[in-house]
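Asks: Following my numbering, the numbering of the sequence shown begins with 192 at its first residue and continues without gaps.
So that we are looking at the same thing, I have put the structure below in structure tokens.
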Amino acid sequence: DGALCPPLRAPPAAPASAKSREISAPPPAPLPALARAAPFLSLAHGGKMPSRLRKTRKLRGHVSHGHGRVGKHRKHPGGRGNAGGLHHHRINFDKYHPGYFGKVGMRHYHLKRNQKFCPTVNLDKLWTLVSEQTRLNYAKNEAGLAPVIDVVRSGYYKVLGKGKLPKQPVIVKAKFFSRRAEEKIKEVGGACVLVA
192 DGALCPPLRA PPAAPASAKS REISAPPPAP LPALARAAPF LSLAHGGKMP
242 SRLRKTRKLR GHVSHGHGRV GKHRKHPGGR GNAGGLHHHR INFDKYHPGY
292 FGKVGMRHYH LKRNQKFCPT VNLDKLWTLV SEQTRLNYAK NEAGLAPVID
342 VVRSGYYKVL GKGKLPKQPV IVKAKFFSRR AEEKIKEVGG ACVLVA
């Protein structure tokens, strides 16, 4: 009688069981530490910061945009460093750095500096340059060995004679000895050794 019949449809597929879904779907990958710490840096952005958080968005409406009103984000219009010390920066150099340019007097070839540098140590501090254990070990020694104290290694050049030494022989190395220091070291059975 001319009535249209609805088109035939395939029967719907049976829904997969929960067990089969578990097997087919891979477990979700753990988020990297950065994504956990900052969720807005998600992998959907390719690890890039979103525009709304960038510094340029914050600076919109501020005329100089963080680059200052005077220099205006330009390089070195007056020259780099000490340029122009005799020309356009002369006033600054003459005022705050007088004597920066030019020469005075004669040159001194082979100048030896610190010729009078001679740090000293007295006899009463001599045994502090080695440990107390060292002194006791040599004091107990039956073979008559004496410890060597090199004052130059400790930063001193000259040994002076103030104070008393314990009655224990000691070998002292130094660049200079005063007369009294040498006498006192030899009195306790020690020796003075000159080093360069």
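Cβ atoms here follow ideal geometry from the backbone N, Cα and C, with glycine treated the same way.
Quick caveat, the model's predicted, so the values are computed rather than measured.
#1: To the nearest angstrom, how far is the alpha carbon of Tyr347 from that of Tyr287?
#2: What is the C-beta distance between Val350 and Val321, in whole angstroms, given that I count them as a contact (C-beta under 8 angstroms)?
#3: Using DSSP with H/G/I as helix, E/B as strand and the rest coil, what is Asn273?
#4: What does a CB cutoff of less than 6 angstroms around Gln359 pick up in its chain, not counting 5 residues either side in sequence?
#5: Provide the residue span of the alpha helix (DSSP H) that contains Thr325, from first to last.
#6: Cα separation between Lys353 and His299?
#7: So what does Asp341 bridge to, in DSSP terms?
#8: Could you pull the DSSP bridge partners for Thr311 from this structure?
#9: Looking only at DSSP bridge pairs, what is Leu385 linked to?
#10: Do three or more CB pairs link the stretch 326-346 to the stretch 275-283 at distances below 8 angstroms?
#11: If we count the other Cβ atoms within 10 Å of its Cβ and call it buried at 16 or more, is Lys355 buried or exposed?
#12: DSSP three-state call for Asn283: helix, strand or coil?
#13: Report the rounded CA-to-CA distance for Gly237 versus Ser255, giving the unit in angstroms.
Replies: Let's see:
#1: 40 angstroms
#2: Wrong, their Cβ atoms sit about 14 angstroms apart, outside the cutoff.
#3: The answer is coil: DSSP assigns Asn273 none of H, G, I, E or B.
#4: Ala330
#5: 323-331
#6: 39 angstroms
#7: Lys364
#8: Lys349
#9: Answer is Ala365.
#10: no
#11: Classification for Lys355: exposed.
#12: helix
#13: 31 angstroms
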